[in-house]
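For reference, the structure is listed below as structure tokens.
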Ligand code: TRP
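Numbering (the working numbering), first residue to last: 235 to 687.
Structure below.
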């Protein structure tokens, strides 16, 4: 495909929403609250915010540079910028990461569809906390139902991606993201006004620094990368569809602020309710699915609220699965000259197999473990805690050390037409602070450097 025929995002708002759509997803609403719950609350939140601003945001700007400057996919961009070097390996890691992330992300996306379905078929009011808990466990450990919804979700993503960026992604994001925001606010209000909600707010906002362990650090770093969709070339791929007049630094900052704000909102929606209903904050991946039905049960028209909420959550997940799918599809299509349609099929098929195995790993394949982790957990662990931070570090090193500062500045300021006041600090961040920070957190986790228990 020649450069001229390449798809691009048409309007500023469409582009922003598509990028926000990639960033905002299950990471904010499902993964963030349970990771925070399992890692001690407010102290985790603080470290998460630090990691977002000092590590993940700089990586996003660097990815935007790589993508828009080269106008290619995650692998092709490195091939174009530094031909014949090993740097394209960073892109390959990214394509693998896309497969692995989709392998567990599709499963949880499928769960959201089951809850949409349940909103129409069963009642949420007058049910005990235990009932919701055991119903979720029963559902997630069976064979057919969760696999069915996973496959449905793969099909929907497949359909959108095969239509292409402009028609599919941009249009879907434009009117559904603002709606999601509105319902989150409403549910936050319901949650904080529940009896006993105060304890949850304290857990969320009053840090207990003695709870910071090496696992809290690496979890917060992984969550920051995952939530912003950085470290694996997703933002390289999306920004390759940006027009030349797009202000890259401003877009990165806006996406980061919106994404972080929505994660905090999701925390306010979930954690007070968790305390109010006496659910353990350490429940893990099921936390959101056993907490929210209780919240809906406390509202008039509970089924209407839950239907709206889970539809929007499914859509938020969809705009994220689309972006992950696009990384692998654009790579196959542009680097291997496979038609876009064929590339889309290859990715859906490959990921489909993994997603089905990881869905089954909650039930029949529970015993199939590696280091005590199920298949689902292995995919989650290796991507969020290892591949994304590692990829992010390489991207910082690449842009910080390998790219000519003049060229970098010209791209980030649109040839001098928009200012970048903190350019020198930015360079310092991606050259030293971010890569070193990531390495230290890794070493600490491995126990090679013990500055925390
Ligand atoms: N950020 C998305 C979320 O929070 C998930 C996601 C989409 C992602 N694209 C990504 C995560 C690329 C890592 C890398 O749900």
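All residues carry an ideal CB built from backbone N, CA and C; glycine is no exception. Keep in mind the model is a prediction, meaning the values are calculated, not measured.
Please state whether the Cβ-Cβ distance between residue i and residue j is less than 9 Å.
| i | j | result |
| --- | --- | --- |
| residue 690 | residue 602 | Look at the range of the chain in this structure, 235 to 687, and you will see that residue 690 is not part of it. |
| residue 382 | residue 337 | no |
| residue 589 | residue 388 | yes |
| residue 469 | residue 463 | yes |
| residue 506 | residue 428 | yes |
| residue 458 | residue 299 | no |
| residue 395 | residue 559 | yes |
| residue 314 | residue 516 | no |
| residue 414 | residue 549 | yes |
| residue 331 | residue 580 | no |
| residue 339 | residue 595 | no |
| residue 263 | residue 514 | no |
| residue 370 | residue 511 | no |
| residue 628 | residue 350 | no |
| residue 465 | residue 626 | yes |
| residue 346 | residue 260 | yes |
Can residue i be considered in contact with ligand 1, in the sense that its beta carbon sits closer than 8 Å to one or more heavy atoms?
| i | result |
| --- | --- |
| residue 344 | no |
| residue 265 | yes |
| residue 473 | no |
| residue 596 | no |
| residue 617 | yes |
| residue 466 | yes |
| residue 463 | yes |
| residue 257 | yes |
| residue 551 | yes |
| residue 558 | yes |
| residue 491 | no |
| residue 335 | yes |
| residue 331 | yes |
| residue 657 | no |
| residue 307 | no |
| residue 301 | no |
| residue 545 | no |
| residue 522 | no |
Can you round the beta-carbon distance between residue i and residue j to whole angstroms, since I take them to be within the 8 Å contact cut?
| i | j | result |
| --- | --- | --- |
| residue 565 | residue 308 | 6 Å |
| residue 561 | residue 310 | No, residue 561 and residue 310 are not in contact; Cβ-Cβ is about 12 Å, not under 8 Å. |
| residue 568 | residue 250 | So it is not a contact: roughly 24 Å between Cβ atoms. |
| residue 375 | residue 597 | 4 Å |
| residue 453 | residue 269 | 6 Å |
| residue 509 | residue 430 | 6 Å |
| residue 256 | residue 544 | In fact, because the Cβ distance is near 20 Å, the residues do not count as touching under 8 Å. |
Between the options, which lies nearest to residue i when the distance is taken from Cα to Cα?
| i | options | result |
| --- | --- | --- |
| residue 436 | 275, 311 and 297 | 275 |
| residue 467 | 305, 638, 429 and 483 | 305 |
| residue 294 | 484, 371 and 422 | 484 |
| residue 296 | 635, 649 and 655 | 635 |
| residue 526 | 332, 363, 320 and 377 | 363 |
| residue 583 | 278, 386, 358 and 353 | 386 |
| residue 411 | 326, 476, 280 and 247 | 247 |
| residue 292 | 668, 440 and 359 | 668 |
| residue 277 | 370, 496, 520 and 439 | 439 |
| residue 377 | 348, 593 and 500 | 593 |
| residue 482 | 301, 279, 670 and 677 | 301 |
| residue 266 | 610, 284, 474 and 521 | 521 |
| residue 504 | 492, 666 and 519 | 519 |
| residue 475 | 286, 659, 675 and 303 | 303 |
| residue 392 | 319, 367, 243 and 552 | 552 |
| residue 696 | 324, 312, 417 and 322 | Residue 696 is absent from the model: the chain starts at 235 and stops at 687. |
| residue 586 | 284, 638 and 333 | 333 |
| residue 286 | 245, 480 and 498 | 498 |
| residue 321 | 631, 492, 647 and 675 | 631 |
DSSP three-state label for residue i, please.
| i | result |
| --- | --- |
| residue 604 | strand |
| residue 637 | coil |
| residue 537 | helix |
| residue 466 | coil |
| residue 436 | helix |
| residue 583 | helix |
| residue 567 | helix |
| residue 560 | helix |
| residue 593 | helix |
| residue 529 | helix |
| residue 696 | Given that the chain is displayed from residue 235 to residue 687, the structure contains no residue 696 and the question cannot be resolved. |
| residue 678 | helix |
| residue 378 | helix |
| residue 480 | coil |
| residue 491 | helix |
| residue 352 | helix |
| residue 514 | coil |
| residue 291 | helix |
| residue 412 | helix |
| residue 665 | helix |
Answer with yes or no whether the minimum CB distance from residue i to chain B is below 9 Å.
| i | result |
| --- | --- |
| residue 448 | The displayed structure is made up of one protein chain only, and chain B is not part of it. |
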